[in-house]
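Participant:
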Amino acid sequence: MKRSATLGCILAGVALLGGCTSAGPSPLPTGQKAYEAVPEHVDLPQTSEAIRPGDRIAIKIFGEPDLSGENYVVDAAGYIQLPLVGEVIAAGQTPRQLSAELQRRLATRFVRDASITLTVVERTVDTFTVEGEVNNPGVFTATPTATLLSAMALARSTKDTAKTDDIIVFRNINGQRAGGRFNLSAIRRGRSPDPQIIAGDMIVVVNSAGKSAWRDLLGALPLLNTFVLLRN
28 MKRSATLGCI LAGVALLGGC TSAGPSPLPT GQKAYEAVPE HVDLPQTSEA IRPGDRIAIK
88 IFGEPDLSGE NYVVDAAGYI QLPLVGEVIA AGQTPRQLSA ELQRRLATRF VRDASITLTV
148 VERTVDTFTV EGEVNNPGVF TATPTATLLS AMALARSTKD TAKTDDIIVF RNINGQRAGG
208 RFNLSAIRRG RSPDPQIIAG DMIVVVNSAG KSAWRDLLGA LPLLNTFVLL RN
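If you're matching positions, the sequence shown starts at 28 in our numbering and goes up one per residue.
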């Protein structure tokens with residue numbers, strides 16, 4: 028909850044940056060470097076069984092009530108915390124795969140041949156966020172065909188005050204935040220690829236009248252252990 032609140036505050040600050048002024052350009056990459064962070068196509072896991080960040084998991088270990096529980100929530104980085112086991116990557120694994128990994132780790136902690144029942148009792152909804160100079164900012168369902176252009180359509184397009192040649196997309200990559208800057212005008216004209224938007228992405232449209240204030244804001248983000256910047 029604290030991490031979500033912090034992220035919300037950061038996003039609110041980003042949305043307001045269009046009217047701010049500061050020296051220096053945004054440190055986020057453009058061009059090919061931006062597409063390395065947010066590519067035109069992403070190979071998403073095909074199995075619907077895969078555990079995802081935000082999922083709530085019930086774990087029952089026979090004979091070990093202190094280790095069992097129904098409220099193990101996968102954090103934004105894809106991990107769960109389990110007594111005696113510690114931090115375990117859960118996102119991307121099936122319940123069967125995670126059970127096997129927990130059994131292996133418990134065996135090193137003198138819980139031999141643990142009988143584990145693991146089920147996903149509540150799944151998170153796949154969403155992305157659009158903020159800033161759009162007509163309908165908000166949270167939208169991420170579909171396999173979502174792109175930056177379709178995201179802008181869901182947000183009822185950019186406002187006249189939007190800086191359409193510098194649209195920001197933030198993405199979670201291996202538990203850290205990265206981002207890229209995209210020229211929406213060039214994408215609309217077919218001159219640049221339309222990057223795929225996936226669950227967890229945050230799209231920010233800034234005001235065209237404001238000078239860049241990204242360095243001031245993003246320079247503080249590593250202190251919050253939230254973002255990693257991909258620089259040109």
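All C-beta atoms, glycine included, are put in the ideal place defined by N, C-alpha and C. Predicted model only: the values in this text are computed from it and were never measured.
Can you check DSSP and say which residues form a bridge with T174?
Facilitator: According to DSSP, T174 bridges with Q223.
Participant: Note the first and the last residue of the continuous alpha helix (DSSP H) segment covering I78.
Facilitator: Element bounds for I78: n/a, residue is neither H nor E.
Participant: Helix or strand or just coil, what does DSSP make of R123?
Facilitator: R123: helix per DSSP, three-state reduction.
Participant: Suppose only complete runs of 4+ residues qualify. What are the alpha helix (DSSP H) ranges in the stretch 135 to 219, listed by chain order?
Facilitator: Counting only runs of 4 or more, we get 175 to 181 and 211 to 215.
Participant: Quick check on F167: buried or exposed, where buried means 16 or more other Cβ atoms within 10 Å of its Cβ?
Facilitator: Classification of F167: buried, given that the 10 Å Cβ count is 16 or more.
Participant: When you compare the CB positions of T121 and I230, do they come within less than 8 Å of one another, or not?
Facilitator: It is not a contact, given that the beta carbons lie outside the stated cut-off.
Participant: In chain order, what residues of the same chain have a beta carbon less than 7 Å from the beta carbon of V147, not counting five sequence neighbours either side?
Facilitator: Cβ within range, chain order: I78, D82, I84 and P122.
Participant: Under DSSP, the alpha helix (DSSP H) around G96 begins and ends at which residues?
Facilitator: That residue, G96, is in no alpha helix (DSSP H); its beta strand (DSSP E) goes G96 to V100.
Participant: Indicate whether the contact test is met: 3 or more Cβ pairs, each with one atom in the stretch 216 to 233 and one in the stretch 167 to 180, closer than 8 Å.
Facilitator: Result yes; three or more Cβ-Cβ pairs closer than 8 Å.
Participant: For the alpha helix (DSSP H) that A85 lies in, which residues bound it at each end?
Facilitator: Here A85 belongs to no alpha helix (DSSP H); instead the beta strand (DSSP E) covers R83 to I88.
Participant: How about G207 and A61: are their beta carbons less than 8 Å apart?
Facilitator: Against a cut-off of 8 Å, the Cβ pair of A61 and G207 comes out as a contact.
Participant: Tell me the rounded alpha-carbon separation between S235 and E158.
Facilitator: Rounded to whole angstroms, S235 to E158 spans 15 Å at the Cα level.
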